[in-house]
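Counting from 1410, one number per residue, gives the positions in the sequence shown under this note's numbering. Below is one structure; the comments refer to it alone.
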Amino acid sequence: MLEKPRILAFAGSLRSGSWNKLLSKIGAQAARDAGAEVTWVDLRDYPLPVFDEDEESASGLPENARKLKELFVSHEGLFISTPEYNSSIPGGLKNVIDWVSRREGEAEPPKVAFQGKVAALVSASPSGFGGMRSLRHLRTILGSMGVFLLPDEISISSAHSAFNAEGQLADGRKQQQVGDLARLLVEVTRKLG
Ligand code: FNR
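Shown next, in the form of structure tokens:
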């Protein structure tokens, strides 16, 4: 039982005006209010080359991949908000997952950045479905890497008009749902982490 679980929160979008960055910040704040130690990161601050096994063999993990991997390793829970690109997750997010998933040396347990973590997934999109198809794929990817995924998930549709000037969800019920999911993440991470 962890007294103060550590939650890593981020969006799968690099875009400066990203709706998913706003949504991940709402989850991060709710998790913090629920007693977690939360680190929110912007993936734009960790630019990475497209994963190339030759490059990995020649030079190992790029510095930003190592930094992100350390962040994953040092947190027990993940709050991820992702856009949907062409019915799936953005290539940039998959690229981060691929780099971070790499094992460095025999002494390191496999999938150390993901194994046994707890994750809550949400999405936002200007479309009517809120990017929900991306969550099917993200769930499959993370599940195969040993992440415990909370069954509930939230997709915010019409994202371009869903947030107020303070970056909160204008629909109080939706704001409450995102908060509830973040609080559940803290509770389950506390028990499993
Ligand atoms: C999109 N977008 C999109 N939206 C959606 O609901 N389903 C989709 O399949 C796609 N496909 C897609 C592909 C590509 C290459 C781009 C750039 C965009 C629109 C997308 O939801 C919109 O740009 C969001 O605002 C992106 O999320 P952020 O950056 O606001 O978090």
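From the three backbone atoms N, C-alpha and C, an ideal C-beta is built for every residue, glycine too.
Proximity test, residue i beta-carbon vs ligand 1 heavy atom, cut-off 7 angstroms
{"i": "Tyr1455", "result": "no"}
{"i": "Ser1422", "result": "yes"}
{"i": "Ala1533", "result": "yes"}
{"i": "Ser1536", "result": "yes"}
{"i": "Lys1430", "result": "yes"}
{"i": "Ser1564", "result": "no"}
{"i": "Asn1495", "result": "yes"}
{"i": "Pro1492", "result": "yes"}
Helix, strand or coil at residue i according to DSSP, with G and I counted as helix
{"i": "Phe1488", "result": "strand"}
{"i": "Ser1536", "result": "coil"}
{"i": "Ala1418", "result": "strand"}
{"i": "Asp1442", "result": "helix"}
{"i": "Ser1564", "result": "strand"}
{"i": "Val1556", "result": "coil"}
{"i": "Leu1593", "result": "helix"}
{"i": "Leu1432", "result": "helix"}
{"i": "Leu1502", "result": "helix"}
{"i": "Ser1497", "result": "strand"}
{"i": "Ala1528", "result": "strand"}
{"i": "Val1521", "result": "coil"}
Contact belief for residue i with residue j at Cβ below 8 angstroms, rounded distance in angstroms
{"i": "Ile1550", "j": "Leu1432", "result": "At roughly 19 angstroms, the Cβ-Cβ gap does not stay under 8 angstroms, so Ile1550 and Leu1432 are not in contact."}
{"i": "Trp1449", "j": "Ala1437", "result": "4 angstroms"}
{"i": "Ile1489", "j": "Gly1576", "result": "Not quite, the Cβ-Cβ distance comes to about 18 angstroms (not below 8 angstroms), so this is no contact."}
Segment limits, alpha helix (DSSP H) that includes residue i
{"i": "Phe1481", "result": "Glu1472 to Val1482"}
{"i": "His1546", "result": "Met1541 to Gly1552"}
{"i": "Asp1463", "result": "Glu1462 to Ser1468"}
Report task. Report yes or no: do three or more beta-carbon pairs, one from the stretch 1493-1503 and one from the stretch 1462-1471, lie closer than 8 angstroms? Result -> no
Query raised in the report: When the Cβ atoms of the stretch 1507-1515 are set against those of the stretch 1531-1549, are three or more pairs found closer than 8 angstroms?
Result: no
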